[in-house]
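Going down the list, the sequences are from chains V and E. Here the first sequence is numbered in the numbering used here, starting from 1 and rising by one per residue. Here the second sequence is numbered in the numbering used here, starting from 198 and rising by one per residue. Glycine included, each C-beta is placed from N, C-alpha and C at the ideal position.
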Amino acid sequence: VTRITRREAITGGVAFAGLGTQSLFGKEPVSRQEWQDDKTTTQVKLVVNGKNTELALDSRVSVLDVLRDHLHLTGTKKGCDQGQCGACTIHIDGELVLSCLTLAAAAQGKHIDTIEGLAGGDGALHPMQQAFIEQDAFQCGYCTPGQIMSAIACVKEGHANTDPDIQEYMSGNLCRCAAYPKIVAAIKQARERMSRT
Amino acid sequence: MRPFAFETAGNLTQAIRLGADTGQGQTDANTQFLAGGTTLVDLMRLDVLRPHRVVNLGALRRSMDEIQVGADGLALGALCRMSAVADHPDVVKLYPMVAQSLQAAASAQIRNMATVGGNLLQRTRCPYFRDTRWSSCNKRIPGSGCAAIAGFNRNHAVLGVDQTCIAQYPGDFATALIALDAQLELHGPQGVRRIPLAQLHRPADGKPHIETTLNSGELVTQIFVPAGEWNRCSVYVKVRDRASYEFAIASAAVALAMQGDRVREARLALGGMAYRPWRAAEAEAVLIGKALNEDTAQAAADEALKGAQTHGYNDYKPELARRTLVRALLEAKALSSQGAPS
Numbered sequence: 001v002t003r004i005t006r007r008e009a010i011t012g013g014v015a016f017a018g019l020g021t022q023s024l025f026g027k028e029p030v031s032r033q034e035w036q037d038d039k040t041t042t043q044v045k046l047v048v049n050g051k052n053t054e055l056a057l058d059s060r061v062s063v064l065d066v067l068r069d070h071l072h073l074t075g076t077k078k079g080c081d082q083g084q085c086g087a088c089t090i091h092i093d094g095e096l097v098l099s100c101l102t103l104a105a106a107a108q109g110k111h112i113d114t115i116e117g118l119a120g121g122d123g124a125l126h127p128m129q130q131a132f133i134e135q136d137a138f139q140c141g142y143c144t145p146g147q148i149m150s151a152i153a154c155v156k157e158g159h160a161n162t163d164p165d166i167q168e169y170m171s172g173n174l175c176r177c178a179a180y181p182k183i184v185a186a187i188k189q190a191r192e193r194m195s196r197t
Numbered sequence: 198m199r200p201f202a203f204e205t206a207g208n209l210t211q212a213i214r215l216g217a218d219t220g221q222g223q224t225d226a227n228t229q230f231l232a233g234g235t236t237l238v239d240l241m242r243l244d245v246l247r248p249h250r251v252v253n254l255g256a257l258r259r260s261m262d263e264i265q266v267g268a269d270g271l272a273l274g275a276l277c278r279m280s281a282v283a284d285h286p287d288v289v290k291l292y293p294m295v296a297q298s299l300q301a302a303a304s305a306q307i308r309n310m311a312t313v314g315g316n317l318l319q320r321t322r323c324p325y326f327r328d329t330r331w332s333s334c335n336k337r338i339p340g341s342g343c344a345a346i347a348g349f350n351r352n353h354a355v356l357g358v359d360q361t362c363i364a365q366y367p368g369d370f371a372t373a374l375i376a377l378d379a380q381l382e383l384h385g386p387q388g389v390r391r392i393p394l395a396q397l398h399r400p401a402d403g404k405p406h407i408e409t410t411l412n413s414g415e416l417v418t419q420i421f422v423p424a425g426e427w428n429r430c431s432v433y434v435k436v437r438d439r440a441s442y443e444f445a446i447a448s449a450a451v452a453l454a455m456q457g458d459r460v461r462e463a464r465l466a467l468g469g470m471a472y473r474p475w476r477a478a479e480a481e482a483v484l485i486g487k488a489l490n491e492d493t494a495q496a497a498a499d500e501a502l503k504g505a506q507t508h509g510y511n512d513y514k515p516e517l518a519r520r521t522l523v524r525a526l527l528e529a530k531a532l533s534s535q536g537a538p539s
């Protein structure tokens with residue numbers, strides 16, 4: 001029996017067809033843009049969760065849309081698409097940023113890390129993912145991928161020392177279910193485990 | 198979003214050439230420079246900015262992101278990220294108000310993306326400017342009127358406004374910088390020049406669609422804050438509707454040099470209150486040579502808000518600004534009496 005997922009139903013069963021546009025490239029990331037004639041299309045090379053990816057993209061496409069619509073990495077969520085909610089938070093070259101306000105063409109050659117890349121090869125969850133589950137740090141879960149990406153940067157950058165520090169650093173990630181106290185608890189739990197690894 | 202040609206400048210000369218028609222802040226300018234993108238991409242998606250060409254400055258970042266703290270002052274490359282300056286230990290210690298204004302300005306994500314040069318040029322948050330369904334906005338469509346004057350103007354400006362525009366300049370960083378007499382280095386088709394930050398933003402003056410005095414193709418390349426003993430003894434107090442990640446409804450930048458109990462030098466600016474970054478020079482004059490206490494702080498605050506024009510929903514703002522400035526003055530004084538932090 002073939003199991004049809006919700007997303008396959010939504011996308012008419014053509015999900016993952018876009019992966020055909022991916023190709024591996026062995027060279028170092030390019031420093032110059034390689035232009036199509038009209039310059040509204042750009043050949044963009046990205047390293048997404050450690051995997052080299054190359055796509056021909058309209059200049060308007062955001063990194064968020066690349067992830068969701070071209071690579072079908074739908075863990076990163078589109079909330080406001082205006083830089084106000086934090087649901088689309090990812091790491092680019094190790095820095096916490098908003099994928100909705102980052103044009104893909106401007107991310108040429110960069111390393112992009114998303115929620116899908118956190119778990120280890122054996123499927124073991126990242127300490128922050130585990131802490132969110134153990135502390136019950138979400139209800140609907142829509143903001144959670146962005147929360148977790150911010151939470152990891154919060155610990156790594158040393159902003160997780162006190163509750164007010166955590167709250168300030170995490171204020172760019174809105175949670176409509178108001179799981180905020182449990183998110184702070186999860187960060188404090190993961191903080192200890194992340195420092196041991 | 199409308200289609201546009203995306204070009205990446207390999208160096209400053211290329212950027213200036215590619216940016217030849219960036220205009221002076223007009224929403225219909227043919228070309229826009231892309232730095233952090235947090236304002237530009239947002240406003241392009243809202244169809245407020247409609248460039249045919251976007252010139253990416255990303256490749257210039259490494260040559261323009263230095264933070265230099267020296268005897269003559271603080272020099273910031275224009276492509277420094279807000280977070281890098283806000284977290285820099287020397288900036289935190291020697292220019293606390295600058296660090297605080299950047300820290301309070303945006304979320305961690307946006308502080309990592311946005312550049313300090315771009316931050317100076319961020320656009321107003323006026324909803325009638327940001328929402329193109331409103332047909333009256335002199336900033337978007339010159340001569341079309343101002344929907345905010347008779348509209349929902351709770352967080353609109355009360356200083357420096359005229360009958361064509363009451364939009365508020367939303368930035369925190371420029372508020373701190375204008376108090377400290379910051380200078381800008383500009384590179385453009387005509388070469389290099391330096392201007393005071395106070396000359397960057399034009400008054401509304403019946404032409405609010407022309408926002409800056411930049412020449413077409415000109416880039417802010419460096420921000421310089423001159424040395425002064427008041428820099429160490431400075432605070433940025435920001436009042437907003439929620440505790441973090443929100444624009445100011447009132448803010449005050451205060452830097453003091455005290456002689457005993459008396460004010461020798463004062464540098465004051467107001468944010469969340471005016472059409473452009475707002476130095477409160479008359480209020481400074483009130484304080485010079487006087488003991489700083491609640492009464493003299495109140496007198497300075499009264500002077501700072503003279504001439505404020507409100508439009509109904511923002512009637513509360515002058516009083517909030519006065520109280521914010523009084524609080525900031527007393528906090529700066531407390532900092533001074535603890536001795537300069539070392």
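- Between E:V288 and E:T507, the beta carbon gap of about 36 Å keeps them out of contact (Cβ cut-off 8 Å).
- A distance below 8 Å separates the beta carbons of E:A466 and E:A450.
- Within the model, the alpha-carbon separation for E:V432 versus E:A373 is close to 9 Å.
- The continuous alpha helix (DSSP H) containing E:E528 extends over residues K514 to S534.
- Within chain V, no C-beta atom comes less than 9 Å from the C-beta of E:R473; the nearest is roughly 23 Å away.
- Distance between V:P145 and V:Q43, taken at the CA atoms: about 28 Å.
- A Cβ-Cβ contact shorter than 8 Å links E:A232 with E:T312.
- Chain-order list of chain V residues neighbouring E:P423: empty, with the shortest C-beta distance near 30 Å, by a criterion of under 9 Å.
- The beta carbon of E:T236 sits closer than 6 Å to the beta carbons of Q319 and R320 from its chain, once the five residues preceding and following it are set aside; these are given in chain order.
- For E:G314, the closest alpha carbon among the candidates E:I338, E:L411 and E:E443 is that of E:L411.
- The criterion of a C-beta distance shorter than 8 Å is satisfied by V:N49 and V:G117.
- Taking 3 residues as the shortest admissible run, the stretch 422 to 465 of chain E contains the following complete beta strand (DSSP E) segments, listed from N- to C-terminal end: 431 to 437 and 445 to 456.
- V:K45: member of the beta strand (DSSP E) spanning T41 to V48, first to last residue.
- E:N253 carries a strand assignment under DSSP once its states are collapsed to helix, strand and coil.
- If you check the CB distance, E:Y472 and E:Y366 come in under 8 Å.
- Straight through space, the alpha carbons of V:R176 and V:C140 are spaced by roughly 9 Å.
- Only those residues of the stretch 295 to 319 of chain E whose C-beta falls short of 7 Å from the nearest C-beta of chain V are listed: S304, A305, Q306, I307, N309 and M310.
- DSSP, reduced to helix, strand and coil, places V:N52 within a strand of the structure shown.
- Distances from the CA of E:Q387 to each of E:A371, E:G414, E:Q380 and E:A395 were compared; the closest alpha carbon is that of E:G414.
- Under the DSSP definition of a beta bridge, E:I420 partners with E:L273 and E:L381.
- Listed in chain order, the non-local C-beta contacts of E:L246 below 7 Å within the same chain comprise T224, Q229, L237 and L240, local neighbours out to five positions each way being set aside.
- Counting along the chain, V:I133 sits inside the alpha helix (DSSP H) bounded by residues P127 to E134.
- The beta carbon of V:Y142 does not come within 8 Å of any beta carbon belonging to chain E, so the residue lies off that interface.
- At least 8 Å separates the CB of E:N490 from every CB of chain V.
- Excluding sequence positions up to five before and after E:L276, its CB lies within less than 7 Å of the CB of A232, L254, L257, R258, M261, D262, T312 and G314, all in the same chain and listed in chain order.
- Contact between E:G234 and V:A106 holds: CB atoms are separated by about 7 Å, below the 8 Å threshold.
- For E:P200, the secondary structure class from DSSP, reduced to helix, strand or coil, is coil.
- The beta-carbon of V:G172 is placed less than 8 Å from the nearest beta-carbon of chain E.
- Under the DSSP definition of a beta bridge, E:C362 partners with E:D359.
- Identification of chain E residues near V:Y169 by a Cβ-Cβ cut-off of 7 Å yields A305, ordered along the chain.
- DSSP places E:A347 in the coil class of the three-state scheme, outside both helix and strand.
- In the structure shown, the three-state DSSP call for E:R391 is strand.
- For E:I485, there is no enclosing beta strand (DSSP E), as DSSP marks it with neither H nor E.
- For V:E116, no alpha helix (DSSP H) run applies, since DSSP gives it neither H nor E.
- Here V:S171 is near E:S304, since their CB atoms are less than 8 Å apart.
- Proximity to V:L101 across E:R437, E:G368, E:A501 and E:I307 peaks at E:I307, based on C-alpha coordinates.
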